[in-house]
Amino acid sequence: MALFKLSRHRKYVSDEEYYAWFELAYTTVDVSAAVLFVAGSIMGFYDDWSTAGTWCFVIGSVCFALKPTLRIIRELRYVKDNDYEDLAKRFEP
């Protein structure tokens, strides 16, 4: 089940705003990682830019690591709000 799916049940009015911020952060991280990997790939063709390209790959990798971190933060919010129903729905067949 997709985690960031707007049609999911929500108890609170603030959930839509919270969802929107997480979607924005998730998309920003995703695009940043892609741009950094493309830039790093292009820089790898030139010896003078090799070090900068390597840093682009490292930072892009950190961006990819942020994606599941954002999901965990969102899940922890459900636990904090005692909203176990939404957490349980993720594991239904």
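Reading the sequence shown from the start, the letters are residues 262 to 354 in the working numbering.
Every residue gets a Cβ at the ideal spot worked out from N, C-alpha and C, and that includes glycine.
Every value quoted in this text rests on a predicted model; they were computed, and no experiment measured them.
Alpha helix (DSSP H) containing residue i: first to last residue?
i	result
Tyr307	Run containing Tyr307: none; DSSP gives neither H nor E here.
How about residue i and residue j: are their beta carbons less than 8 Å apart?
i	j	result
Lys328	Val299	no
Consider the Cβ of residue i: report whether some Cβ of chain B lies at a distance smaller than 8 Å.
i	result
Ile333	The structure shown contains no chain B, having only a single protein chain.
Report yes or no: do the stretch 281-289 and the stretch 307-318 share at least 3 C-beta pairs separated by less than 8 Å? no
Cβ pair count under 8 Å reaching 3, the stretch 293-305 against the stretch 320-335: yes
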